[in-house]
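Worksheet for the structure shown next.
There are 2 protein chains.
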Amino acid sequence: MTQPARRRDAAATRAAILASARKAFARAGYDGVGVREIAAGAGVTAMLVNRYFGSKEQLFAEVAADTVRDAVILSPENLAAADFPAALARSLVEVTTPGATPLDGFQMMLRSSGSPKAVELGRDLIRQGHQAALVGRLEGPHAAERAGIFLALVAGLQAMRQTLELPSLAEADPDTLAGLLEPLIRVLIDGPACPPSPPR
Amino acid sequence: MTQPARRRDAAATRAAILASARKAFARAGYDGVGVREIAAGAGVTAMLVNRYFGSKEQLFAEVAADTVRDAVILSPENLAAADFPAALARSLVEVTTPGATPLDGFQMMLRSSGSPKAVELGRDLIRQGHQAALVGRLEGPHAAERAGIFLALVAGLQAMRQTLELPSLAEADPDTLAGLLEPLIRVLIDGPACPPSPPR
DNA sequence: GTCTATAGAAAGATAGAC
DNA sequence: GTCTATCTTTCTATAGAC
Chain A
118 MTQPARRRDA AATRAAILAS ARKAFARAGY DGVGVREIAA GAGVTAMLVN
168 RYFGSKEQLF AEVAADTVRD AVILSPENLA AADFPAALAR SLVEVTTPGA
218 TPLDGFQMML RSSGSPKAVE LGRDLIRQGH QAALVGRLEG PHAAERAGIF
268 LALVAGLQAM RQTLELPSLA EADPDTLAGL LEPLIRVLID GPACPPSPPR
Chain B
118 MTQPARRRDA AATRAAILAS ARKAFARAGY DGVGVREIAA GAGVTAMLVN
168 RYFGSKEQLF AEVAADTVRD AVILSPENLA AADFPAALAR SLVEVTTPGA
218 TPLDGFQMML RSSGSPKAVE LGRDLIRQGH QAALVGRLEG PHAAERAGIF
268 LALVAGLQAM RQTLELPSLA EADPDTLAGL LEPLIRVLID GPACPPSPPR
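Chains as they are written, first to last, in my numbering: chain A, 118 to 317; chain B, 118 to 317.
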């Protein structure tokens with residue numbers, strides 16, 4: 118008779134470690150959290166983390182890859198929206214709300230930007246993930262640069278609203294922010310021409 | 118007869134430590150660099166760092182305050198420029214060039230964003246320094262929010278061009294980037310109205 | 001004013017029992 | 001499959017000599 122497979126479930130343990138690591142890395146960055154702490158958050162010991170993932174670095178890589186897989190701003194819904202810039206502005210404000218967690222991938226990378234290993238990993242993931250998705254949706258010249266600027270805007274808002282919690286942005290009215298961001302994003306997506314929609 | 122005051126110059130040693138720390142923190146963030154390394158960069162031992170600054174944390178605070186004092190984007194010249202948005206766009210591209218160091222204050226804060234102490238310090242410095250300077254130059258409603266969004270754009274471009282070195286932005290043509298950023302910044306500074314310059 | 005030497009804590013990773 | 005216990009390294013900070 119083997120174990121009841123409740124306290125000894127490899128898949129569940131692995132998932133618990135991943136979830137705990139994602140939360141911890143997003144909160145404190147790669148250097149700011151120890152393997153012991155991640156393990157405690159998953160209800161296991163530090164040794165199991167290394168047993169399942171080999172090292173802290175490999176664990177970080179696996180978590181980072183997971184976060185890129187589920188995009189929240191450049192989601193399929195938003196990419197197919199009729200008014201693309203408006204959808205982006207709305208999502209951007211929503212997911213960078215202080216205390217919100219859907220954009221924990223960016224949060225994790227920002228807070229880990231002091232670690233060369235984390236940076237190198239993040240560069241490849243963002244380029245092949247988010248940037249490629251956005252470039253495919255853009256028309257006109259300099260698509261790669263414009264996509265990069267949009268990603269910079271996402272990272273910057275994340276940094277100022279959630280990481281640094283600059284009061285003017287962190288405590289701002291969401292509708293006001295979206296209203297200010299929408300024309301910016303529209304220029305970036307559709308080009309700097311005069312808005313073609315209003316009758317005049 | 119006292120010492121020739123060459124190998125034993127308190128002010129020079131202090132300045133050397135500050136310079137070394139600024140360089141090191143900007144490169145690797147608060148957690149990514151040790152006191153030993155900073156000391157070695159200044160040609161002294163780790164002990165002197167703590168003797169002069171009390172702790173690594175206080176040293177970081179002093180360096181951070183220094184970086185805010187010399188603003189490079191929101192400089193007096195740019196704040197007085199005839200075409201303010203264009204001046205901002207040009208400066209923004211220039212100081213976020215990969216390898217450039219003038220914006221090392223932002224770089225330092227970004228790379229240290231995993232450390233709660235560094236974040237708290239940076240929030241106050243940026244609000245009382247950069248944001249206050251920009252708000253004083255803005256007209257119209259929501260000045261604080263618009264200033265915050267501009268700072269987010271600065272932080273995001275810094276993050277993507279210098280910290281993460283995303284190829285589409287890091288290797289982009291400076292004039293192209295400035296040309297893409299200028300209309301964005303113009304909307305942010307002057308409002309979303311139709312550009313008044315073209316004859317029709 | 002600056003050094004060598006070290007204390008004391010915490011990190012990542014591993015050995016071996018059950 | 002999971003644990004306790006430990007190895008090794010690295011860190012900040014301090015004590016005391018010169």
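From the three backbone atoms N, C-alpha and C, an ideal C-beta is built for every residue, glycine too.
TODO: List the residues of chain B that L297 (chain A) touches, going by C-beta distances under 7 Å, in chain order.
DONE: H259, E262, R263, I266
TODO: Going by CA-CA distance only, name the one from B:D183, B:A264, B:L283 that's closest to T213 (chain B).
DONE: B:L283
Open item on the list: Three Cβ pairs or more, each shorter than 8 Å: is that satisfied between the stretch 234–243 of chain A and the stretch 289–309 of chain A?
Closed with: no
Open item on the list: Cutting at 8 Å between CB atoms, please list the residues of its own chain near V252 (chain B), excluding the five before and the five after it.
Closed with: A260, A261, A264
TODO: With a 10 Å radius around its C-beta and 16 neighbouring C-beta atoms as the bar for buried, classify M164 (chain B) as buried or exposed.
DONE: exposed
Open item on the list: Can you confirm whether D307 (chain B), when its beta carbon is compared against all beta carbons of chain A, has any partner nearer than 8 Å?
Closed with: no
- [ ] Check the C-beta distance from F170 (chain A) over to I306 (chain A) and give it rounded, since I have them as a contact under 8 Å.
- [x] Wrong, their Cβ atoms sit about 39 Å apart, outside the cutoff.
TODO: Output yes if chain A places a C-beta closer than 8 Å to the C-beta of A133 (chain B); else output no.
DONE: no
Open item on the list: I'd like to know if A136 (chain B) contacts chain A, where contact means its C-beta is closer than 8 Å to some C-beta of that chain.
Closed with: no
TODO: At 8 Å on the CB atoms, spell out the chain B contacts of Q245 (chain A), in chain order.
DONE: Within chain B, no residue comes near Q245 (chain A); the closest Cβ sits about 11 Å away, beyond 8 Å.
Task: Within 7 Å of chain B by C-beta, residues of the stretch 226–252 of chain A in sequence order - done: L227, R228, S229, S230, G231, S232, V236, G239, R240, I243, R244, Q248
TODO: Might you give, ordered along the chain, the residues of its own chain that have their beta carbon closer than 7 Å to the beta carbon of G308 (chain B), omitting 5 neighbours on each side?
DONE: G257
TODO: Please classify R317 (chain A): does DSSP put it in a helix, a strand, or coil?
DONE: The predicted model places R317 (chain A) with a pLDDT of 42, which falls under 50 and marks its position as unreliable; any figure quoted below should be read in that light. Correct three-state label for R317 (chain A): coil.
TODO: Inspect the CB distances between the stretch 224–240 of chain A and the stretch 142–149 of chain A and report whether three or more fall short of 8 Å.
DONE: yes
Open item on the list: If I follow the unbroken alpha helix (DSSP H) through T293 (chain A), where does it start and stop?
Closed with: 291–307
Open item on the list: Using the three-state DSSP reduction, which class does V150 (chain A) fall into: helix, strand or coil?
Closed with: coil
Task: Residue burial classification, R207 (chain A) (beta-carbon count within 10 angstroms, cutoff 16) - done: buried
Open item on the list: So that I know if they touch, is there some Cβ in chain B lying closer than 8 Å to that of D183 (chain A)?
Closed with: no
Open item on the list: So, with DSSP's three-state summary, where would you put T218 (chain A)?
Closed with: coil
TODO: Output, in chain order, the set of chain B residues within a Cβ distance shorter than 7 Å of P300 (chain A).
DONE: V304, P309
Open item on the list: Spatial neighbours of A318 (chain B) within its chain, please: C-beta separation below 6 Å, excluding the five flanking residues on both sides.
Closed with: Because chain B here runs from 118 to 317, residue 318 (chain B) falls outside it and cannot be looked at.
Task: Per-residue burial, A128 (chain B) [other beta carbons within 10 Å of its own, 16 or more giving buried] - done: exposed
Open item on the list: Under 8 Å, Cβ to Cβ, is there at least one residue of chain B near G399 (chain A)?
Closed with: Lying outside 118 to 317, the shown extent of chain A, residue 399 (chain A) is not represented and no answer is given.
Open item on the list: For F303 (chain A), count the other beta carbons within 10 Å of its own beta carbon; 16 or more makes it buried, fewer makes it exposed. Which is it?
Closed with: Before going on, a small fix: residue 303 (chain A) reads as Arg here, not Phe. The residue in question, R303 (chain A), is buried, as its Cβ has 16 or more Cβ neighbours within 10 Å.
TODO: Pull out every residue of the stretch 269–296 of chain B whose Cβ sits closer than 9 Å to any Cβ of chain A, in chain order.
DONE: A269, L270, V271, A272, G273, L274, Q275, A276, M277, R278, T280, L281, E282, L283, P284, S285, L286, A287, A289, D290, T293, L294, G296
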